[in-house]
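In our numbering, the protein residues as written are 7 to 220.
Beta carbons are placed, not taken as given, at the ideal position from N, Cα and C, and that holds for glycine.
To start, the structure itself, in structure tokens.
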């Protein structure tokens, strides 16, 4: 990975052993720390080598993530103090009310409450930078979706009336200007500070992503 200068994005839902193991299973936190130390030894996350190491946070329950910048500072302080771990950025993602998390909410009778939370925290300004406006998700068969979440839900993109558009369709037509297929889970990306594969959608996070791409 280091030789090919691969950027690494790793999920670590907390800097506490108890919280991580409660969510992911016994021993997961310790194995994660071992892996992060190995990556640090290769130069990942040192801020000088150009080997990017980002961590991903998501809430453990039906709540919105806290402000990304403040949480990143906490992660860096705690992981550095306790384990000597270094990383570049923390990406704070909201939980989507679909698949396993959605089923968990339903079983606890909390699904509707979580949707209300997402709706009430919707910010129109986040619509300018949601990923589905500039990217497409492609499954293993080449089928096109507006985002990974729509792919998981089996909701294909809409491309000039094609019910299941494929990569080869882009050779003869463009996806620019096509209407994005939306549903209630989309509020997970527009609520609060916003959420994307690059973390929060606020101005600071957007600028950081642009700098990384450049």
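Assuming contact is defined by CB atoms lying nearer than 7 Å, are residue i and residue j in contact in what I supplied?
| i | j | result |
| --- | --- | --- |
| residue 100 | residue 194 | yes |
| residue 159 | residue 104 | yes |
| residue 191 | residue 137 | no |
| residue 134 | residue 143 | no |
| residue 93 | residue 59 | yes |
| residue 34 | residue 40 | no |
If I'm right that residue i touches residue j with Cβ under 8 Å, what's the distance once you round it to whole angstroms?
| i | j | result |
| --- | --- | --- |
| residue 206 | residue 76 | Rounded, the Cβ-Cβ distance is 11 Å, inconsistent with contact. |
| residue 96 | residue 78 | 4 Å |
| residue 68 | residue 119 | 7 Å |
| residue 8 | residue 57 | 6 Å |
Which residues in the same chain as residue i place their Cβ atom closer than 6 Å to its Cβ, once the five residues preceding and following it in sequence are excluded?
| i | result |
| --- | --- |
| residue 113 | none |
| residue 42 | 91 |
| residue 202 | 137 |
| residue 209 | In this prediction, residue 209 has a pLDDT of 46, which is less than 50 and means its spatial position is unreliable; nothing more can be read from the coordinates. |
| residue 166 | 179 |
| residue 222 | Lying before the first or after the last residue shown, residue 222 is absent from the chain, which here runs from 7 to 220. |
| residue 29 | 19, 66 |
| residue 46 | 92 |
| residue 21 | 81, 84, 85 |
So, is the C-beta of residue i closer than 7 Å to a C-beta in chain C?
| i | result |
| --- | --- |
| residue 164 | Looking for chain C here will not work: only one protein chain is present. |
Find the nearest neighbour of residue i within the set the options, judged by alpha-carbon distance.
| i | options | result |
| --- | --- | --- |
| residue 18 | 82, 199, 69, 168 | 82 |
| residue 49 | 10, 156, 146 | 10 |
| residue 152 | 189, 125, 177 | 189 |
| residue 125 | 107, 28, 200 | 200 |
| residue 12 | 55, 182, 31 | 55 |
| residue 141 | 108, 110, 182, 177 | 182 |
| residue 61 | 111, 44, 14 | 14 |
Mind checking who residue i pairs with in its DSSP beta bridge?
| i | result |
| --- | --- |
| residue 205 | 202 |
| residue 149 | 172 |
| residue 128 | 197 |
| residue 14 | 59 |
| residue 144 | 150 |
Which same chain residues, not among the five before or five after residue i, have their C-beta less than 8 Å away from its C-beta?
| i | result |
| --- | --- |
| residue 36 | 23 |
| residue 107 | 101 |
| residue 52 | 46, 92 |
| residue 123 | 68, 69, 70, 197 |
Under 7 Å Cβ to Cβ from residue i, same chain only, skipping five residues before and after it: list those, please.
| i | result |
| --- | --- |
| residue 172 | 148, 149, 150 |
| residue 164 | 184, 185, 187 |
| residue 175 | 165, 168 |
| residue 196 | 128, 129, 132, 133, 136 |
| residue 215 | Note that residue 215 has pLDDT 46, beneath the 50 cutoff, so the model's placement of it is unreliable and the number below is only indicative. Correct list, in chain order: 204. |
Given the structure, does residue i come close to the ligand SAM, in the sense that its CB is under 6 Å from one of the ligand's heavy atoms?
| i | result |
| --- | --- |
| residue 94 | No copy of the ligand SAM appears in this structure; indeed no ligand is present at all. |
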